[in-house]
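See structure below.
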Amino acid sequence: MKALFAACVLAAATVTVSADDTKLGTGVSLKDATPIKALIETPGDYVGKTIRVDGVATAVCESMGCWMAVAADDDKDAKTVRLKVEDGVIVFPVSAKGKKVSAEGVFEEIAPKDEHGAEAASEHAKSDAKASKKYQIKATGAIIK
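Sequential numbering from 3 applies to the sequence shown in this note's numbering.
So, in structure tokens, the structure goes:
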């Protein structure tokens, strides 16, 4: 009986994915999203924490699908957060650009030698030209709607 109750609680806590949604990796299990604005304003509060973000995909790596930029809304001037995945494990489709996205992973500072960081730097530069440190979410899963 306890196992059945635990299974019901776990099922209720997960995000519902409709047939039209695309689930990547482990999907999204956290119920509450962290506002992208909070990540940009106080990134140190979130480094090392597993978080969820919801927003609109504004850019996707066109060569390998290894990163995606997500903004809180589809305003072209909105600040973005970068989702980075392990190459080949999850591939963000270029068709995700402009679609709603929920993603989950660990928020981290971008390492100076990140070979894909240069590609994404232009997106971050548009987002916040004054930032001296860059951050990203090492995504373990996402849902594209």
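Built from N, CA and C at the ideal position, the CB exists for glycine as well.
These figures come from a predicted structure and were not determined experimentally.
- The beta carbons of Val62 and Ala35 sit about 20 Å from each other, so the pair does not count as a contact at 8 Å.
- Within its own chain, the residues whose Cβ lies closer than 6 Å to the Cβ of Ala141, once the five positions on either side in sequence are excluded, are Leu85, Val87, Ala105 and Gly107, listed in chain order.
- Of Cys68, Ile112 and Asp22, the smallest CA-CA separation from Lys135 is found for Ile112.
- Shortest Cα-Cα distance from Gly29 to any of Lys39, Val55, Asp76 and Gly67 involves Val55.
- Rounded to whole angstroms, the Cβ separation of Gly67 and Val93 is 4 Å, and the two are in contact under 8 Å.
- Listed in chain order, the non-local C-beta contacts of Pro45 below 6 Å within the same chain comprise Tyr137, local neighbours out to five positions each way being set aside.
- If you look at Lys102, you'll find it in the beta strand (DSSP E) that goes Lys102 to Glu111.
- Cβ neighbours of Pro95 within its own chain (closer than 8 Å, five residues either side excluded): Thr24, Val62, Gly67 and Ile146.
- Taking every protein chain shown into account, the CB of Lys81 has 16 or more other CB atoms within 10 angstroms, so this residue is buried.
- Closest in alpha carbon position to Gly100, among Ala73, Gly90 and Glu110, is Ala73.
- In chain order, Val96 place their CB closer than 8 Å to the CB of Glu64, counting only its own chain and leaving out the 5 sequence neighbours on each side.
- In this structure, Leu41 is the residue among Leu41, Val103 and Ala59 with its C-alpha nearest to the C-alpha of Lys51.
- Residue pairing from DSSP places Gly27 in a beta bridge opposite Gly143.
- In the three-state DSSP reduction, Leu41 falls in the helix class (H, G or I).
- Just so you know, the alpha carbons of Asp75 and Gly143 end up roughly 20 Å apart.
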